[in-house]
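The letter at position 96 of the sequence shown is residue 96 when you use the UniProt record's numbering, and the numbering goes up by one with no holes. We put the CB at the ideal spot given by N, CA and C, even for glycine. Bear in mind the structure is a predicted one, so any value in this text is a computation, not a measurement.
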Amino acid sequence: MTLSYSHAHQQGSGTTEVVAVLVAITEHTARVLTVDQGKLLPNGPLMPLHRSLQAGVRQWVEEQTQQPLGYLEQLYTFVDTNRRNVDGHALVYVSYLGLVQETQTQQLQSQALWRDWYDYFPWENHLDGIPSIIMNNIVPALLSWADSAKDSGIQQRRRQRIGLCWGVSEALLVGNMTTSENADNEYTAYEHYENREWVAEHVLLRYEMLYEAGLIPEAPNYLPSYSMNHQSVHQSAYQPSHQNKLPENWSQLIGVPMYYDHRRVIATAISRLRAKIEYRPLIFGLMPDVFTLSQLQRSVEALSGVRLHKQNFRRLLDSQKLVMETGQSSNAQRGRPAKLYRFRHDIELQSLLMDSKLPKRK
Numbered sequence: 001m002t003l004s005y006s007h008a009h010q011q012g013s014g015t016t017e018v019v020a021v022l023v024a025i026t027e028h029t030a031r032v033l034t035v036d037q038g039k040l041l042p043n044g045p046l047m048p049l050h051r052s053l054q055a056g057v058r059q060w061v062e063e064q065t066q067q068p069l070g071y072l073e074q075l076y077t078f079v080d081t082n083r084r085n086v087d088g089h090a091l092v093y094v095s096y097l098g099l100v101q102e103t104q105t106q107q108l109q110s111q112a113l114w115r116d117w118y119d120y121f122p123w124e125n126h127l128d129g130i131p132s133i134i135m136n137n138i139v140p141a142l143l144s145w146a147d148s149a150k151d152s153g154i155q156q157r158r159r160q161r162i163g164l165c166w167g168v169s170e171a172l173l174v175g176n177m178t179t180s181e182n183a184d185n186e187y188t189a190y191e192h193y194e195n196r197e198w199v200a201e202h203v204l205l206r207y208e209m210l211y212e213a214g215l216i217p218e219a220p221n222y223l224p225s226y227s228m229n230h231q232s233v234h235q236s237a238y239q240p241s242h243q244n245k246l247p248e249n250w251s252q253l254i255g256v257p258m259y260y261d262h263r264r265v266i267a268t269a270i271s272r273l274r275a276k277i278e279y280r281p282l283i284f285g286l287m288p289d290v291f292t293l294s295q296l297q298r299s300v301e302a303l304s305g306v307r308l309h310k311q312n313f314r315r316l317l318d319s320q321k322l323v324m325e326t327g328q329s330s331n332a333q334r335g336r337p338a339k340l341y342r343f344r345h346d347i348e349l350q351s352l353l354m355d356s357k358l359p360k361r362k
């Protein structure tokens, strides 16, 4: 059974639903608010009593989670052709992105649950380096999917897409990559991976490629026994070999699935947010009133999934005059107390970053 989960909601007569991706940063972790044990986002049908789409979002979020809403913007409109109402019409749902301060668990509805968004997209977290699942599991499976196409032109285009989406080098894509032996007599291919830039904003493209290849449970062509025609990148050569199936724990490796297309909606939200924080100070909506510069940097890193250069980050803040000292310091348990800052709300913040980019990773 796939994770379209047609049994999750009863079939109704409406044709439009609203879905909310609410994002918070708690203890330097990017989190999303879910319902139904993490399988759904807050959602509900648009009804005549709603004066607007946003009013519908706010009502359903309040009823299902009791989470106060702050910044809210329309995200994307989806047509779910796999879901039909009682009259046979495909369901349209309009998604929204909200930035909030996380409400304590005891204040939420019992069905509401905050989840680390990397639980759903483990391959997107590069804070501790390249996740092993990419080169050990995802890339080999995608290359096998590319080779499964009967037309050589399609095979080539798929490999090019893999390279662009996953930062894979040409050497690996053409199938003649050789690995080198390290001091521990293990073979590594990560040097080839780093030949191309990882584009953090391509979250949706990567998710949709996994969906198209049938490598995630939500996909209608999902096959846990998906065949792989390539050896692990830790072996001595990356050449076609005998048929190997995905590991038995593939469903655990590939992230937490969700009903309908709700994981795709989160992927869209992450893509939008990662792109916008490079030129708009949306991080303001996720921070407390006062903070240290280290806390601010770690929060931005939690969203982007990559480490930022400390000095460059602080130079950006200074040059754009985004923050100001409060004259107070944090109560550090160890080391020197750090200065506390707040955002300068007296400046037109939206325009300050229009031509700026966040500093690149280390």
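Rounding to the nearest angstrom, what Cα-Cα distance links Leu253 and Ala141 in this structure?
Numbered from its first residue, the sequence shown carries residue 253 at position 253. Numbered from its first residue, the sequence shown carries residue 141 at position 141. The alpha-carbon atoms of Leu253 and Ala141 are separated by roughly 13 Å.
Taking only the alpha-carbon atoms, compute the straight-line gap between Ala24 and Lys310 and give it to the nearest angstrom.
Taking the sequence shown and counting its residues from 1, one reaches residue 24 at position 24. Taking the sequence shown and counting its residues from 1, one reaches residue 310 at position 310. Cα to Cα, the separation comes out at about 23 Å.
Taking the beta strand (DSSP E) that Trp60 falls in, what are its first and last residues?
Here residue 60 is taken as the residue at index 60 of the sequence shown, counted from 1. Per DSSP, Trp60 belongs to no beta strand (DSSP E); it is in the alpha helix (DSSP H), 53-65.
Considering only C-alpha positions, which residue in the set Thr26, Gln101, Val21, Thr16 is nearest to Arg298?
In the sequence shown, counting from the first residue as 1, residue 298 sits at position 298. Per the Cα distances, Thr26.
Using 8 Å as the threshold, is the C-beta distance between Arg344 and Val323 below it?
Within the sequence shown, numbered from 1, the residue matching residue 344 stands at position 344. Within the sequence shown, numbered from 1, the residue matching residue 323 stands at position 323. Their beta carbons are under 8 Å apart, which means Arg344 touches Val323 by this criterion.
Need the endpoints of the alpha helix (DSSP H) that Gly163 sits in, please.
Position 163 of the sequence shown, counting from 1, holds the residue named residue 163. From DSSP, the alpha helix (DSSP H) with Gly163 extends over 152-166.
Ignore the nearest five residues each way along the sequence and tell me which others in Gly38's own chain have a CB closer than 7 Å to its CB.
Position 38 of the sequence shown, counting from 1, holds the residue named residue 38. If we look at Gly38 and ignore the five residues flanking it on each side, its Cβ neighbours are Leu113, Arg115, Val256.
Would Ile266 pass as a contact of Leu303 if the rule is Cβ separation under 8 Å?
For this step, residue 266 is matched to residue 266 along the sequence shown. For this step, residue 303 is matched to residue 303 along the sequence shown. Not in contact: Ile266 and Leu303 (Cβ atoms no closer than 8 Å).
Distance, Cα to Cα, Thr81 vs Pro217?
The residue you call residue 81 lines up with position 81 of the sequence shown. The residue you call residue 217 lines up with position 217 of the sequence shown. Rounded to whole angstroms, Thr81 to Pro217 spans 17 Å at the Cα level.
Is Met209 helix, strand or coil by DSSP?
Walking along the sequence shown from the start, residue 209 turns up at place 209. Helix, per DSSP.
Within the continuous beta strand (DSSP E) that includes Asn82, where are the two ends?
As a working mapping, residue 82 is identified with position 82 in the sequence shown. Taken as a continuous stretch (DSSP letters only), the beta strand (DSSP E) holding Asn82 covers 71-84.
Nearest to Asn137 by CA position, among Leu317, Ser251, Val35, is which residue?
Within the sequence shown, numbered from 1, the residue matching residue 137 stands at position 137. It is Ser251.
Given Val79, which residues of its chain have a CB within under 8 Å of its CB, disregarding the five upstream and five downstream residues?
Sequence index remark: in the sequence shown, residue 79 carries index 79 (1-based). Closer than 8 Å at Cβ, skipping near neighbours: Ala90, Leu91, Val92.
Do you know how far the Cα of Val199 is from the Cα of Val86?
Looking up residue 86 in the sequence shown gives position 86. Looking up residue 199 in the sequence shown gives position 199. Rounded to the nearest angstrom, the two C-alpha atoms are 42 Å apart.
Output the distance between the C-alpha atoms of Asp147 and Gly285, rounded to the nearest integer angstrom.
Locating residue 147 in the sequence shown gives position 147, where the first residue counts as 1. Locating residue 285 in the sequence shown gives position 285, where the first residue counts as 1. C-alpha separation (whole angstroms): 45 Å.
Go ahead and label Arg336 buried or exposed: buried means 16 or more other beta carbons lie within 10 angstroms of its beta carbon, across all protein chains shown.
For this step, residue 336 is matched to residue 336 along the sequence shown. Exposed, by the Cβ-count rule.
Does the Cβ-Cβ distance between Leu41 and Val21 come in under 8 Å?
Along the sequence shown, one-based indexing puts residue 41 at 41. Along the sequence shown, one-based indexing puts residue 21 at 21. Yes, these two residues count as a Cβ contact at 8 Å.
According to the neighbour-count rule (16 or more other Cβ atoms, all chains shown, within 10 Å of its Cβ), is Gln235 buried or exposed?
Numbered from its first residue, the sequence shown carries residue 235 at position 235. In this predicted model, Gln235 has a pLDDT of only 32, less than 50, meaning its place in the structure is not dependable; the value taken from the coordinates is given anyway. Looking at its Cβ environment, which holds fewer than 16 other Cβ atoms inside 10 Å, Gln235 is exposed.
Pick helix, strand or coil for Lys339, following the three-state DSSP scheme.
Along the sequence shown, one-based indexing puts residue 339 at 339. Strand, per DSSP.
Given that a residue counts as buried once 16 or more other Cβ atoms are within 10 Å of its Cβ, and exposed if not, what is Tyr71?
On the sequence shown, residue 71 is found 71 positions in, with the first residue counted as 1. Label assigned to Tyr71: exposed.
If we count the other Cβ atoms within 10 Å of its Cβ and call it buried at 16 or more, is Gln295 buried or exposed?
The residue labelled residue 295 in the question sits at position 295 within the sequence shown. Its Cβ being crowded by 16 or more others within 10 Å, Gln295 is buried.
Buried or exposed: which applies to Asn43, given that a residue is buried once 16 or more other Cβ atoms fall within 10 Å of its Cβ?
Counting from 1 along the sequence shown, the entry for residue 43 is found at position 43. With 16 or more Cβ atoms within 10 Å of its Cβ, Asn43 is classed as buried.
Report the rounded CA-to-CA distance for Asp289 versus Leu143, giving the unit in angstroms.
The residue given as residue 289 occupies position 289 in the sequence shown. The residue given as residue 143 occupies position 143 in the sequence shown. If you take the alpha carbons of Asp289 and Leu143, they lie about 47 Å apart.
Does DSSP put Pro42 in a helix, a strand or coil?
Here the question's residue 42 lines up with position 42 in the sequence shown. Coil at Pro42, not helix or strand.
Identify the continuous beta strand (DSSP E) that holds Ser329 and give its terminal residues.
Looking up residue 329 in the sequence shown gives position 329. That run of the beta strand (DSSP E) goes 323-329.
Can you tell me which of Val19, Gly327, Phe291, Tyr118 puts its alpha carbon nearest to the alpha carbon of Leu53?
For the purposes of this step, residue 53 is taken as the residue at position 53 of the sequence shown. If we check each option's Cα against that of Leu53, Val19 comes out closest.
What is the DSSP secondary structure of Arg344, reduced to helix, strand or coil?
Mapped onto the sequence shown, residue 344 falls at position 344. In this structure, Arg344 counts as coil in the three-state DSSP scheme.
Is it buried or exposed for Glu17, if we count other Cβ within 10 angstroms and need 16 for buried?
Along the sequence shown, read from residue 1 onward, the residue named residue 17 stands at position 17. Per the 10 Å Cβ criterion, buried.
Which of helix, strand or coil does DSSP assign to Thr16?
Taking the first residue of the sequence shown as position 1, residue 16 is located at position 16. Note: Thr16 maps to strand in three-state DSSP.
What residue range is occupied by the uninterrupted alpha helix (DSSP H) comprising Leu293?
Here residue 293 corresponds to residue number 293 of the sequence shown, with the count starting at 1. Where Leu293 is concerned, the enclosing alpha helix (DSSP H) stretches over 293-304.
Would you mind giving the Cβ-Cβ distance between Glu124 and Gly327, rounded to the nearest angstrom? I have them listed as a contact below 8 Å.
Sequence index remark: in the sequence shown, residue 124 carries index 124 (1-based). Sequence index remark: in the sequence shown, residue 327 carries index 327 (1-based). With a Cβ gap of about 38 Å, Glu124 and Gly327 do not count as contacting.
Leaving aside the five residues before and after His126 along the sequence, list all residues of the same chain whose C-beta is less than 7 Å from its C-beta, in chain order.
Within the sequence shown, numbered from 1, the residue matching residue 126 stands at position 126. Cβ neighbours of His126 beyond the five flanking positions: Trp198, Gly305, Val306.
Less than 8 Å between the CB atoms is what I'm expecting for Arg264 and Tyr207, so what's the real figure, rounded?
Within the sequence shown, the letter at position 264 stands for residue 264. Within the sequence shown, the letter at position 207 stands for residue 207. Contact holds; Cβ gap of about 6 Å.
Pro281: buried (16+ other C-beta within 10 angstroms of its C-beta) or exposed?
The residue given as residue 281 occupies position 281 in the sequence shown. Answer is buried; the Cβ neighbour count reaches 16.
Measuring CB to CB, does Thr268 end up less than 8 Å from Leu75?
In the sequence shown, the residue the question calls residue 268 occupies position 268. In the sequence shown, the residue the question calls residue 75 occupies position 75. Going by C-beta atoms, Thr268 is nearer than 8 Å to Leu75.
For Ile25, which residues does DSSP report across the bridge?
Translated into the one-based positions of the sequence shown, residue 25 becomes position 25. According to DSSP, Ile25 bridges with Ala30.
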